[in-house]
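Since the structure comes first, as structure tokens, the remarks are kept for the end.
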Amino acid sequence: MSTESRLRIVWIYPDLLSTYGDRGNLLIIERRAALRGFAVECIEVRSDQSLPEHGDIYLLGGGEDGPQALAAQRLRADGGLHRAVVRGAVAFAVCAGYQLLGESFFAKGAQYPGLHLLDLKSDRGPSRAVGELAGEVNPALGLPPLTGFENHGGRTHLGPEAHPLAEITTGIGNNGTDEGAWRGRVLGTYLHGPALARNPALSDLLLLWATGVTPTPINDTWPERLRRERLAAVGFR
Ligand code: GLN
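-12 is the number of the first residue of the sequence shown in this note's numbering; add one for each residue after it.
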């Protein structure tokens, strides 16, 4: 975090990457940080603007193929996200945003280079993955089960330097077996919902990574009710 103790959350390209309520991830992390007493600054960066490099948490959402390809092209040309991550910033990316953090992805029948921030590649699957997505999180992260929904045509294959985020119990995720990936402080997922509204513990993990401070407990009665309902719908007890 910056020396002025202000948590800076950067919402990347809302004009290109913001499907299925992913903007809610910004609202959730802002709110949960404020409840822990952090002064928060939210910075929305459109695709014709350069990316600030002093952010603490960078958020990317999902997108259709065309906007996804354009976003990847602009982020590669800009270079700011890469420099921020190398400096130690947190990045959290959903679906199209997740795919473009890898080595390459497919959009509209063509292969595009990604940002090489996660060791993974995406191609196209035999069918579109649409519906509830749930799984047990990699024990190294110490999080409760993930819940959300997915809607993507791509499939993602992790290389040895990316850890799978979760083991699938419902849905397709990366490839029908695992879901999402992380390395260091960069974490990607296919979960919409928005992901951080349905998985507040994941939001708090990002907050811990960004601030170095374990978030204090807050009243999660309502998010817990939502989680219980959604997880019960896919067979969790
Ligand atoms: N365009 C990508 C795909 O279909 C990502 C879709 C999304 O972000 N929901 O795989």
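Quick reminder that beta carbons are idealized off the backbone N, C-alpha and C, glycines included.
Three-way DSSP call (helix, strand, coil) for residue i in this model
i    : result
R111 : strand
R142 : strand
S190 : helix
H150 : strand
P39  : coil
G67  : helix
T203 : coil
L263 : No answer is possible for residue 263: the residues shown for the chain start at -12 and end at 224.
L52  : Just to set this straight, residue 52 is Asp in the shown sequence, not Leu. Reduced to three states, the DSSP call for D52 is helix.
I15  : helix
A21  : helix
E123 : strand
V221 : coil
I102 : A small correction: the amino acid at residue 102 is Leu; Ile does not occupy that position in the sequence shown. Reduced to three states, the DSSP call for L102 is coil.
T6   : coil
L47  : strand
G167 : strand
E216 : helix
E31  : strand
E137 : strand
R275 : The structure shown does not extend to residue 275, since the chain is modelled only from -12 to 224, so the question has no answer here.
A58  : helix
A225 : With the chain running from -12 to 224 in the structure shown, residue 225 is simply not present.
A76  : coil
L128 : helix
G84  : helix
Nonlocal neighbours in the same chain, by C-beta distance under 8 Å from residue i, ignoring five residues either side
i    : result
A220 : E119
I15  : P181, L183, A184, P187, S190
G53  : A94, K95
L68  : I(-1), L38, Y45, L62, A78, L102, L104
H179 : T6, Y7, G8, D9, G49, V81, C82, G135, F136, E137, N138
A127 : H150
Contacting residues, own chain, Cβ-Cβ under 6 Å from residue i (five flanking each side not counted)
i     : result
R172  : V77, W196
R70   : E40
W(-2) : L13, E31, L46
S5    : G48
P131  : A188
P210  : P187
D106  : G146, E148, A149
A116  : E137, H139, I159
N162  : R142
P1    : E31
Own chain partners of residue i with C-beta closer than 7 Å, once the 5 adjacent residues on each side are dropped
i      : result
V72    : A78, L104, V173
D207   : P187
M(-12) : L(-6), D43, A197, T198
L65    : Sequence inspection shows Asp at residue 65; the Leu mentioned does not correspond to that position. Cβ neighbours of D65 beyond the five flanking positions: S37, L38.
F92    : Q86, Y99, G101, S109, G141
Any C-beta of chain C under 8 Å from that of residue i
i  : result
Y0 : Protein chains in the displayed structure number just one, and chain C is not present.
Validate contact between the region 202 to 215 and the region 182 to 190 using beta carbons, cut 8 Å, 3 pairs | As far as the Cβ criterion goes, the region 202 to 215 touches the region 182 to 190, which means the pair count is three or higher.
**Prompt:** Are three or more beta carbon pairs between the region 121 to 129 and the region 156 to 171 nearer than 8 Å?
**Reply:** Verdict: yes, contact present.
*asked:* Using a Cβ distance threshold of 8 Å, determine whether the region 41 to 50 contacts the region 83 to 93, with at least three qualifying pairs required.
replied: These segments touch.
Contact the region 14 to 30 vs the region -8 to 0: 3+ CB pairs below 8 Å: Below 8 Å, enough C-beta pairs join the region 14 to 30 and the region -8 to 0 to call them touching: three or more.
Taking 8 Å as the cut-off, does the region 95 to 102 touch the region 141 to 152 (at least 3 CB pairs, one atom from each stretch)? Fewer than three pairs of CB atoms, one per stretch, sit closer than 8 Å, so the region 141 to 152 makes no contact with the region 95 to 102.
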